[in-house]
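Residue numbers (my numbering), protein chains in the order written: chain F, 113 to 542; chain G, 113 to 542.
Notes to accompany the following structure.
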């Protein structure tokens, strides 16, 4: 069989590692692919950088778009990134020219996935993005093929290693967000401009993609509810632990509900709660499977290039499938599914109150009027006249109801800071 | 596209659930498959049993082999089981007749996988067995496709839910193996004849299959080293815990080494150590991925039928691939890879010794003569003249060296029972 001819646009951490793998492991990858894989052209910022492989047999292009115009290229690997701009233009042009596209660009797929999948269909090409979600974990393949026979009811994931590292470190050291972030930046676990990570945007891109595949809907990033980790206080980790929970940034998607990226409390005994540091994890719930969780490295050149290589091998075997597991015409608009209020959930609530007679009665009175029942309550120490923490967990309640109650509490003279509330994620909830 | 026509041989827990899914979820499964799935014929022990779906449109065969002779059948789902007999005859006949075969029969694939894969190749058929390994976890697909671009260096798995349930319960209750097994049998977690499970045979079938795919070798059950859990004593759990470990039955395979199914000690912080109860888990190590672990239900009708449905959908999309990820002619004989002594490992050792002067000197003297160095040591209580436990962990040593040392210790007059030794599994070892 003729070699599969590959071009790579972008030779950063991942693109460079993919190129090195292709150049240094030709025999093994040809065996896995059933044919030779040949890197014929690349484009990147600097032609002169030493990237650890020989450019002798590889053509260089200053303009990445030119890769899509080469007659001898079968597959374009888009490693430029960004939800708009060159990456999108290259992908569109490549698909229109009948070339398969592999991309790690979660922003592009979350924003333009349906349009690009249509282009791929129209031009009989594969559009693959295993590397866009959860790095080395084969989450896309697991969902789209491995669990294809299931009626999926929920996806829950730890989808950003930077956030998980920061939260794990805050819990272990008791340090505040800002200090841990600064350390993470020094260690290279967080970007100098960290907002894509710590504001939950990167993770929400991935959740949007997983939800689209799981529930047969067009990826719709705008529909997601996104919260990051900037507001998490060190003090909450200890209270959560005392109550049997751990705080994580978790993405949750279910049919007919807004995909949510949120800090929440996970039971310490749950598999997700045990995923610490820079690891990612995706838990898949459905019938008849029940649930399966996959845990692995969510970033880095090695892990992510493994996902790219898997996509290349699928194309070599002509088994790339449909980007979202079904024809685009059969994907529903997420707007048709979304709009329902989120399911009732139990919540963790922390108030900072002046330790004086009557506070507890005022707070519990508000909860009672809103028909929110308390599961457990921790009153921190005794310090008459000082500000202390009052921590509660509630039974299942509507988020809107809780918000109303918290607003009332915030206006009590004894309540000295904005109340903190986080949902409690139950492995049983569906 | 024409419907994919399916016959099922064996309507037990899994086969029956597959049939119900096919009958009750036709629309959703057709969407996932890109074509209708039609159950046209079945064979089982009793034609009269009510299995929760209508037999009106389904032909019954008393003899399963007859399913392979039907012109209208595209796929045979073999759910009879057994490494020899009807299951193997049916599979051979079906493949020779050009029919795809899906099987949950781990014994058959572990014993006859290479021969059957050759038949599938010769007759241009798919032979798929996702359901044979780790139930609902898509372990075969993950290894064969999701991680296909990796140079795999190790597979480690908890591959038998019955054993894991028994070990978890022994640790939690402090009860002995026999008592916990009896309870598990009453609860339906263990068979009346438990030896396939508790002697490690079922798990070794699965490990044999995973090793074949991971390292490109012919499945060779006879080559595996297999130890079960009958000899684990309740007392070892507490010592292991005190040392920071948990006892699990773990299957480990690496290139050029005998696949081993063994009770071993896992660091409490490792992902595998956190997999409790009836769950299964498979951890995949390779380059460039690093490692990924998948955890899920290893048995049961629901979980296992999910794997069968995934195989059906792959066949419907004509993407079933090669049984072991490469042509049979390119699979090496495991005998070519095996034969090397297992890598040096650290060990846990427990001796029951009379608490009298000189014992420790005798034991450590033997270790010193064999150049085995001690990492940590626990001497249980003080009970002069009584028998007490002497627990050690060693640094890495050859298993054969340790065995010689233990034989010498066993002959000491102060050593009152056969020494217990288990390897310590390090996530770092390669």
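Even glycine gets a Cβ: it sits at the ideal position worked out from N, Cα and C.
Counted within 10 angstroms of its Cβ, other Cβ atoms place residue i as buried (16 or more) or exposed
i	result
residue 512 of chain G	exposed
residue 578 of chain G	Since the first residue of chain G shown is 113 and the last is 542, residue 578 of chain G is not available in this structure.
residue 542 of chain G	Any reading at residue 542 of chain G needs caution, since the residue's pLDDT is 32, under 50, leaving its predicted position unreliable; the model's value is listed next. By the 10 Å Cβ count, residue 542 of chain G comes out exposed.
residue 305 of chain G	exposed
residue 157 of chain G	exposed
residue 395 of chain G	buried
residue 461 of chain F	buried
residue 442 of chain G	exposed
residue 139 of chain G	exposed
residue 536 of chain F	buried
residue 331 of chain F	buried
residue 475 of chain G	buried
residue 444 of chain G	exposed
Residue i at chain F interface by Cβ criterion, 9 Å
i	result
residue 262 of chain G	yes
residue 245 of chain G	no
residue 415 of chain G	yes
residue 426 of chain G	yes
residue 404 of chain G	yes
residue 369 of chain G	no
residue 418 of chain G	yes
residue 407 of chain G	yes
residue 398 of chain G	yes
residue 119 of chain G	no
residue 437 of chain G	yes
Proximity test, residue i beta-carbon vs the ligand COA heavy atom, cut-off 8 Å
i	result
residue 481 of chain F	With respect to the ligand COA, the structure offers nothing, as it holds no ligand at all.
Beta-carbon proximity check, residue i vs residue j, cutoff 9 Å
i	j	result
residue 425 of chain F	residue 260 of chain G	yes
residue 379 of chain G	residue 320 of chain G	no
residue 202 of chain G	residue 180 of chain G	yes
residue 176 of chain F	residue 207 of chain F	no
residue 351 of chain G	residue 358 of chain G	no
residue 455 of chain F	residue 369 of chain F	yes
residue 401 of chain G	residue 418 of chain F	yes
residue 406 of chain F	residue 363 of chain F	no
residue 524 of chain G	residue 471 of chain G	yes
residue 248 of chain G	residue 127 of chain G	no
residue 199 of chain G	residue 192 of chain G	yes
residue 403 of chain F	residue 408 of chain G	yes
residue 328 of chain G	residue 437 of chain G	yes
residue 521 of chain F	residue 463 of chain F	yes
Interface flag, residue i vs chain G, CB-CB below 9 Å
i	result
residue 213 of chain F	no
residue 141 of chain F	yes
residue 310 of chain F	no
residue 542 of chain F	In this predicted model, residue 542 of chain F has a pLDDT of only 32, less than 50, meaning its place in the structure is not dependable enough to derive any value.
residue 383 of chain F	yes
residue 254 of chain F	yes
residue 379 of chain F	no
residue 267 of chain F	no
residue 386 of chain F	yes
residue 446 of chain F	no
residue 422 of chain F	yes
Element boundaries [beta strand (DSSP E), containing residue i]
i	result
residue 397 of chain F	391-399
residue 155 of chain F	149-155
residue 159 of chain F	No beta strand (DSSP E) contains residue 159 of chain F, which DSSP labels as neither H nor E.
residue 215 of chain G	212-215
residue 167 of chain F	From DSSP, residue 167 of chain F is part of no beta strand (DSSP E); its letter is neither H nor E.
residue 505 of chain G	499-506
residue 487 of chain G	486-491
Residue range of the unbroken alpha helix (DSSP H) whose run includes residue i
i	result
residue 459 of chain G	That residue, residue 459 of chain G, is in no alpha helix (DSSP H); its beta strand (DSSP E) goes 459-466.
residue 290 of chain F	289-299
residue 376 of chain G	No alpha helix (DSSP H) contains residue 376 of chain G, which is instead part of the beta strand (DSSP E) from 372-379.
residue 545 of chain G	The structure shown does not extend to residue 545 of chain G, since chain G spans only 113 to 542, so no value can be given for it.
Cβ pair count under 8 Å reaching 3, the stretch 479-498 of chain F against the stretch 127-145 of chain G: They do not touch, by the three-pair rule.
The stretch 208-216 of chain F in contact with the stretch 420-435 of chain F per 3-pair CB rule at 8 Å: Inter-segment contact for the stretch 208-216 of chain F and the stretch 420-435 of chain F is present: three or more beta-carbon pairs are separated by less than 8 Å.
Cβ contact (3+ pairs, closer than 8 Å) linking the stretch 260-277 of chain G and the stretch 378-394 of chain G: Short answer: they touch.
Contact between the stretch 115-125 of chain G and the stretch 135-154 of chain G (3+ Cβ pairs under 8 Å): Output reads yes: the stretch 135-154 of chain G touches the stretch 115-125 of chain G.
Touching by the beta-carbon criterion (3+ pairs, under 8 Å), the stretch 431-439 of chain F and the stretch 234-241 of chain F: In short, these stretches touch, since the Cβ pair count reaches three.
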